[in-house]
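Per my numbering, the sequence shown starts with residue 1, numbered consecutively. Okay, so here's the structure we're looking at.
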Amino acid sequence: MPDPVRAALRFMHAQSTSMTTPRSMDDDDDVSTICSHDDCDDCESARRHRRIIDVGEDADASGGGGGGGGDGGEDDLERWSALTVRHILAARGCPVTKTRCTTRMREIQTAADACATMIERECDEVAPARTIEGREKIERVMDARMVLVENLVRTQLTNDFSCVTTALAVMYLDYFIAMSGYVIASNSCWLYQLVSCACMLIAVKFEESEETARRDISARLQSTSDISFDHVAVAKMEGIVLRELDWAVSRVTPFQYVPYFLCLVDGQSFIRGDKDRTTKILRRAEILSLMVLYNVNILARCESSVIAKAILCIVLAEQCGHVYEESCIARTIVTHILHHLYEHDAEHFEMVNARVLECMRMMTDFTNTVNAVVHRTRDCNRSAQMTGDQRQLRAVAAE
């Protein structure tokens, strides 16, 4: 199992353990503290939800606000905050687990603090693909970049690295191409292979914590690269890349947000105790986060936090069987995340929601394009194989 899935599973297990740990009940505790946010007298989420039910809006809340909410303002945010992912998936017959509100608020606060810290760090990072000059430099070597990213992903799968490690390596590579003063001649494209190998080596040393993952890493990277380099050359290029990065190797990647965002949207309640569903969600999110690395347009137009929201929207929409429109899922998820990270700012909410929807459309279009190419290649290979079999049969018949 890949490291990011294991890490996220450990995160989920820790949350689940904290939920199920028994505690002594105080005098003011009663059974109402164990709730599903639908029948609790003290939970703010329950009060909001009951207000929706009282006015008869819970039936159409999943589709009534998807058009942009131009006149809704605070009421619009309040309505969408009451519609949790728990309610959406419960309508599909998915089992949910009742949790303690006090424990739930603690884990939400922990996740919100972690997300706020990462968002603050991301604002201070330099994104080369979002500058005009950097974007132009990357586009000049777009074909070579696709090959390099493919090699990095293959290296990750071969060595069972985390997808965060691969994302870091791609970020280092883009930064070196866009921001460094080195000019690589068109007949020296092999140097890009050396740069990408050094970037992966730096990412592994920084991200992978297990000693077995870093053992003989230089030799293992050579085995999955198209071109093999000696250790001295890789070590020298590693020093050059680190100097260009100014030793700022800590970067925020989209997949790092996913477990925390899943907690903020109350996704823990329908996957707790179901490891298969948890693994499926996280693996799908990992695949989408790797797919984004191939597309410079998405990296240039969207921050990691926006990409993570879009990934979570797509994955949970698939869990709902696409019965609910993705715009409804996106609006609900974005509302819950912003509800815990910011104040109720309607203008900010609409801006982020629009950006998440745009990122979802870009990711969906790119996925469809890739799938079409894969199917077309598979059909061509099948046709070529059938043609070869026919020729062989004809040769046998002629003999």
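All residues carry an ideal CB built from backbone N, CA and C; glycine is no exception.
Taking only three categories from DSSP, how would you classify residue i?
| i | result |
| --- | --- |
| T131 | coil |
| I217 | helix |
| F349 | helix |
| F161 | coil |
| V334 | helix |
| V258 | helix |
| V265 | coil |
| V141 | coil |
| E409 | The first residue shown for the chain is 1 and the last is 399, placing residue 409 beyond what the model contains. |
| G67 | Residue confidence is low: G67 scores 41 on pLDDT, short of 50, so the model does not pin down where it sits. No coordinate-derived value is stated. |
| S16 | Interpretation of S16 is limited by its pLDDT of 42, a score under 50 that renders its predicted location unreliable; no figure is taken from the coordinates. |
| A111 | helix |
| C380 | helix |
Just confirm the distance between the C-beta atoms of residue i and residue j, as a whole number of angstroms; I'd bet it's less than 8 angstroms.
| i | j | result |
| --- | --- | --- |
| A198 | V234 | 6 angstroms |
| C359 | I307 | 6 angstroms |
| K137 | A169 | That belief does not hold up - the Cβ atoms of K137 and A169 are roughly 18 angstroms apart, past 8 angstroms. |
| I333 | V265 | 5 angstroms |
| M351 | I298 | That pair is no contact at about 18 angstroms. |
| V153 | F176 | The pair is not a contact, with the Cβ atoms about 18 angstroms apart (cut-off 8 angstroms). |
| L341 | C123 | At roughly 13 angstroms, the Cβ-Cβ gap does not stay under 8 angstroms, so L341 and C123 are not in contact. |
| T155 | T224 | 4 angstroms |
| D226 | Q256 | Going by Cβ atoms, the distance from D226 to Q256 rounds to 29 angstroms, so no, they are not a contact pair. |
| C313 | A111 | The Cβ separation is near 17 angstroms, so there is no contact. |
Taking all protein chains shown into account, do 16 or more other C-beta atoms lie within 10 angstroms of the C-beta of residue i, making it buried, or fewer, making it exposed?
| i | result |
| --- | --- |
| A248 | exposed |
| E120 | exposed |
| D216 | exposed |
| L191 | exposed |
| T158 | exposed |
| N151 | buried |
| T335 | buried |
| C380 | exposed |
| A203 | buried |
| Y404 | In this structure the chain extends from 1 to 399, so residue 404 is not present and cannot be described. |
| Y260 | buried |
| E208 | buried |
| H348 | exposed |
| V356 | buried |
| R140 | exposed |
| M237 | buried |
| R331 | buried |
| V315 | buried |
| D174 | buried |
| I132 | exposed |
| G65 | Unreliable placement is indicated for G65, whose pLDDT of 42 sits below 50; the coordinate value is still reported in the next sentence. Looking at its Cβ environment, which holds 16 or more other Cβ atoms inside 10 Å, G65 is buried. |
| E377 | According to the sequence displayed, residue 377 carries Thr and not Glu. T377 comes out exposed. |
| E146 | The sequence as given places Met at residue 146; Glu does not occur at that position. With fewer than 16 Cβ atoms within 10 Å of its Cβ, M146 is classed as exposed. |
| R251 | buried |
| E210 | exposed |
| H339 | buried |
| N295 | buried |
| M105 | exposed |
| S228 | exposed |
| N353 | buried |
| V370 | exposed |
Would residue i count as contacting chain E if we go by Cβ distances under 8 angstroms?
| i | result |
| --- | --- |
| C123 | Of the protein chains in the structure, only one exists, and it is not chain E. |
Indicate, with yes or no, if the ligand SAM has a heavy atom lying under 7 angstroms from the CB of residue i.
| i | result |
| --- | --- |
| H340 | Absence of the ligand SAM is noted for the structure shown, with no ligands found whatsoever. |
Requested in this report: Would you list, in sequence order, the uninterrupted beta strand (DSSP E) runs of no fewer than 3 residues that lie entirely inside the segment 173 to 252?
Outcome: none
Next item on the list: Would you list, in sequence order, the uninterrupted alpha helix (DSSP H) runs of no fewer than 4 residues that lie entirely inside the segment 274 to 327?
Entry: 275 to 294, 296 to 301 and 304 to 319
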